[in-house]
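To keep things clear, I will list the structure first and then write my remarks on it.
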Amino acid sequence: MDYQFAERVNKLRSSAIREILQVTEMPDVISLAGGLPAEELFPIAEIQAAVNQVLEQGEAAASLQYGPTEGYLPLRRQIAGIMQERGVSCSSEEILITSGSQQSLDLLGRVFLNHGDTVLVENPTYLGALQAFEVFEPRFKAVPTDDEGMVPEALERAIIEYSPKLVYLVPTFQNPTGRSMNRERRWAVAEILRRYQVVLVEDDPYSALRFEGEELPCIKSIENDRVIYLSTFSKTVVPGFRVGWMVGDPRVIGSMAKCKQGADLHTNSLVQHILARYLQETDSPAHVARIKAEYKRRKDAMLTALAREFPPEVTWSLPEGGMFLWVQLPEGVDTGLLLAEAIAEKVAFVPGKAFFVGEGGENTMRLNYSNSSPELINEGIRRLARLIKPHLDVA
Ligand SMILES: Cc1ncc(COP(=O)(O)O)c(C=O)c1O
Numbered sequence: 002m003d004y005q006f007a008e009r010v011n012k013l014r015s016s017a018i019r020e021i022l023q024v025t026e027m028p029d030v031i032s033l034a035g036g037l038p039a040e041e042l043f044p045i046a047e048i049q050a051a052v053n054q055v056l057e058q059g060e061a062a063a064s065l066q067y068g069p070t071e072g073y074l075p076l077r078r079q080i081a082g083i084m085q086e087r088g089v090s091c092s093s094e095e096i097l098i099t100s101g102s103q104q105s106l107d108l109l110g111r112v113f114l115n116h117g118d119t120v121l122v123e124n125p126t127y128l129g130a131l132q133a134f135e136v137f138e139p140r141f142k143a144v145p146t147d148d149e150g151m152v153p154e155a156l157e158r159a160i161i162e163y164s165p166k167l168v169y170l171v172p173t174f175q176n177p178t179g180r181s182m183n184r185e186r187r188w189a190v191a192e193i194l195r196r197y198q199v200v201l202v203e204d205d206p207y208s209a210l211r212f213e214g215e216e217l218p219c220i221k222s223i224e225n226d227r228v229i230y231l232s233t234f235s236k237t238v239v240p241g242f243r244v245g246w247m248v249g250d251p252r253v254i255g256s257m258a259k260c261k262q263g264a265d266l267h268t269n270s271l272v273q274h275i276l277a278r279y280l281q282e283t284d285s286p287a288h289v290a291r292i293k294a295e296y297k298r299r300k301d302a303m304l305t306a307l308a309r310e311f312p313p314e315v316t317w318s319l320p321e322g323g324m325f326l327w328v329q330l331p332e333g334v335d336t337g338l339l340l341a342e343a344i345a346e347k348v349a350f351v352p353g354k355a356f357f358v359g360e361g362g363e364n365t366m367r368l369n370y371s372n373s374s375p376e377l378i379n380e381g382i383r384r385l386a387r388l389i390k391p392h393l394d395v396a
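If you're matching positions, the sequence shown starts at 2 in our numbering and goes up one per residue.
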């Protein structure tokens, strides 16, 4: 059968990460590639208790019924409480529960992007956002970004030049780099959004996972009107629930909800009820504290191993939270080629090029520390170091 797919489908790139993950799912590969939370830390007993409560305490029928597109109201109220802690006052009308933040990105594309509209992004940026938006055939323009996040002056110039529909940022513990935008820049970006009346999508799955350094305000807490804020329970509870949320102007939420009806009517009712019970009945901040302590231990193990094993020409980011760090090799080293050798040695990472819009990034890699024990991280970095050295000699 010769299928006649829509033109936009033929243009889509597949996720380099998904392809790599297929290889790395082999049991004896040390995978520093994926973006998976540590499953040893999943709160399974607490979730089991929440499941029992939902199904045994008069809530069973409601949890198995169709529900409102905007999401289960008690959960939206709990999310309003979480937002309050993040410095944002919002009502439940400003919250839409989605099937993970990933769905928010897709719905934002549906609501905002016409063919040819410009989206300004960091370079590198979250690959899943590029994939979600790409279906709507926008133009991506990369704005210069350094260790302290997107450069505000460069953002202003890009806004004047391209009149973007959206700016997309992961300001805190970014995927893929682990870097955060500094405090001054957050205020500067908020001021630019106000001045030029531009909408920012602030994607924030990781700020709850800060294990060191000073708290930074989300940009939404500085400039409420121009910011659509996304977050998720994937990193603080479990990703398999597929529950995230969006906070925005009720007019945006209304349009998003219309598109969500077409996509899936609403996020899984049973899971929303279970999550609401879980948040009500357990000490979830204590659980997040345990995750942070363990990720810090793993991040420190990776930094120690990098300092010991990697050649001095190689540099890396120093994340204060989140799940990733970013490695920069000398110009001329191709981490795509290195990956093939690494897989033969049963260690995997994601070559950085996949996260770039346009040229660049061949000599970079993303390493994940949340999903491997310190022992495996040590061994993985030792193997990578052995493979990198010959590449430096020819670079
Ligand atoms: C920056 C960023 N946004 C969104 C997502 C998607 O998260 P969710 O599991 O909530 O769909 C991820 C997941 O890794 C991410 O890193």
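All C-beta atoms in this analysis are idealised placements derived from N, C-alpha and C, irrespective of residue type, glycine included.
- Mind checking which residues open and close the alpha helix (DSSP H) that includes TYR207? The residue given as residue 207 occupies position 206 in the sequence shown. From DSSP, TYR207 is part of no alpha helix (DSSP H); its letter is neither H nor E.
- Quick check: the segment 372 to 391 against the segment 336 to 351, are there 3 or more CB pairs under 8 Å? Yes, the segment 372 to 391 touches the segment 336 to 351.
- Query: DSSP on GLN273, reduced to helix/strand/coil?
  - Reply: Here residue 273 corresponds to residue number 272 of the sequence shown, with the count starting at 1. Helix, per DSSP.
- Message: I need the boundaries of the alpha helix (DSSP H) containing GLY72, first residue and last residue.
- Response: Translated into positions along the sequence shown, residue 72 becomes position 71. Counting along the chain, GLY72 falls outside any alpha helix (DSSP H), and DSSP gives it neither H nor E.
- Item | Any non-hydrogen atom of ligand 1 closer than 7 Å to GLN103 Cβ | If you number the sequence shown from 1, residue 103 lands on position 102. Because some heavy atom of ligand 1 lies under 7 Å away, the Cβ of GLN103 counts as near it: yes.
- State yes or no: is the C-beta of ALA343 within less than 8 Å of the C-beta of ALA349? Along the sequence shown, one-based indexing puts residue 343 at 342. Along the sequence shown, one-based indexing puts residue 349 at 348. Contact flag set, yes.
- Query: At a cut of 8 Å, does the segment 247 to 261 reach the segment 109 to 120 through at least three beta carbon pairs?
  - Reply: Yes, the segment 247 to 261 touches the segment 109 to 120.
- Which partner residues does ASN369 have in the DSSP bridge list? What you label residue 369 is simply residue 368 of the sequence shown in a count that begins at 1. Its beta-bridge partners are PHE325.
- Message: SER208 and THR173 - do their beta-carbons sit closer together than 8 Å?
- Response: As a working mapping, residue 173 is identified with position 172 in the sequence shown. As a working mapping, residue 208 is identified with position 207 in the sequence shown. For THR173 and SER208, yes; Cβs fall inside 8 Å.
- GLU224 to LEU97, Cα distance in whole Å? In the sequence shown, residue 224 corresponds to position 223, counting from 1. In the sequence shown, residue 97 corresponds to position 96, counting from 1. Between GLU224 and LEU97, the C-alpha separation is close to 19 Å.
- Message: In the DSSP output, what is ARG78 paired with across the bridge?
- Response: Mapped onto the sequence shown, residue 78 falls at position 77. Within the DSSP bridge table, the entry for ARG78 names no partner.
- Task: Would you mind reading off the limits of the alpha helix (DSSP H) that contains MET303?
- Result: Locating residue 303 in the sequence shown gives position 302, where the first residue counts as 1. Per DSSP, MET303 belongs to the alpha helix (DSSP H) from 285 to 310.
- Task: Determine the direct distance from the alpha carbon of ALA34 to that of LEU332, and round the result to whole angstroms.
- Result: Residue mapping note: residue 332 aligns to position 331 of the sequence shown, counting from 1. Residue mapping note: residue 34 aligns to position 33 of the sequence shown, counting from 1. For the sequence presented, residue 332 should be read as Glu rather than Leu. About 22 Å.
- Message: Using a 10 Å radius around the Cβ and a threshold of 16 neighbouring Cβ atoms, would you call ARG186 buried or exposed?
- Response: As a working mapping, residue 186 is identified with position 185 in the sequence shown. Answer is buried; the Cβ neighbour count reaches 16.
- Query: Grouping DSSP H, G and I as helix and E and B as strand, with all else coil, what is GLU123?
  - Reply: The residue labelled residue 123 in the question sits at position 122 within the sequence shown. Of the three classes helix, strand and coil, the one that applies to GLU123 here is strand, per DSSP.
- Query: In terms of residues, what are the limits of the alpha helix (DSSP H) holding LYS259?
  - Reply: Taking the sequence shown and counting its residues from 1, one reaches residue 259 at position 258. Start and end: 251 to 265.
- Query: Between MET182 and GLU95, what straight-line distance do the alpha-carbon atoms span, to the nearest angstrom?
  - Reply: Here residue 182 is taken as the residue at index 181 of the sequence shown, counted from 1. Here residue 95 is taken as the residue at index 94 of the sequence shown, counted from 1. The alpha-carbon atoms of MET182 and GLU95 are separated by roughly 25 Å.
- Item | Proximity below 8 Å, CB of GLN273 to CB of LEU76 | Your numbering for residue 273 matches position 272 in the sequence shown. Your numbering for residue 76 matches position 75 in the sequence shown. In this structure, LEU76 lies closer than 8 Å to GLN273 by Cβ.
- Item | CA-to-CA distance, GLU60 to ARG227, given in whole angstroms | Here residue 227 is taken as the residue at index 226 of the sequence shown, counted from 1. Here residue 60 is taken as the residue at index 59 of the sequence shown, counted from 1. Roughly 38 Å separates the two Cα atoms.
- GLU26 to GLY72, Cα distance in whole Å? As a first step, residue 26 must be located in the sequence shown, where it is residue number 25. As a first step, residue 72 must be located in the sequence shown, where it is residue number 71. Straight through space, the alpha carbons of GLY72 and GLU26 are spaced by roughly 34 Å.
- Query: Should ARG158 be labelled buried (16 or more other beta-carbon atoms within 10 Å of its own) or exposed?
  - Reply: Sequence index remark: in the sequence shown, residue 158 carries index 157 (1-based). With fewer than 16 Cβ atoms within 10 Å of its Cβ, ARG158 is classed as exposed.
- Which residues in the same chain have their Cβ closer than 7 Å to the Cβ of ALA191, if we skip the five residues on either side of it in sequence? As a first step, residue 191 must be located in the sequence shown, where it is residue number 190. Within the same chain, ALA191 has close Cβ partners ILE220, ILE223, GLU224.
- From the DSSP output, which residues share a beta bridge with MET2? The residue you call residue 2 lines up with position 1 of the sequence shown. Beta-bridge pairing links MET2 to no other residue.
- Regarding GLY353 and ligand 1, is the C-beta to nearest heavy atom distance less than 7 Å? As a working note, residue 353 is residue 352 in the sequence shown. Distances taken from the Cβ of GLY353 to the heavy atoms of ligand 1 include none shorter than 7 Å.
- Do you know offhand how far GLN79's Cα is from GLU86's? Locating residue 79 in the sequence shown gives position 78, counting from the first residue. Locating residue 86 in the sequence shown gives position 85, counting from the first residue. Computed Cα separation, rounded: 11 Å.
- Query: Any contact of the segment 134 to 142 with the segment 228 to 241, i.e. 3+ C-beta pairs under 8 Å?
  - Reply: With the cut-off at 8 Å, the segment 134 to 142 and the segment 228 to 241 do not touch.
- Going by beta carbon distance, what residues of the same chain come within less than 8 Å of GLY117, once the five residues before and after it are set aside? Working through the sequence shown from its first residue, we reach residue 117 at position 116. For GLY117, where only same-chain residues beyond five positions count, the Cβ hits under 8 Å are GLU138, PRO139, ARG140.
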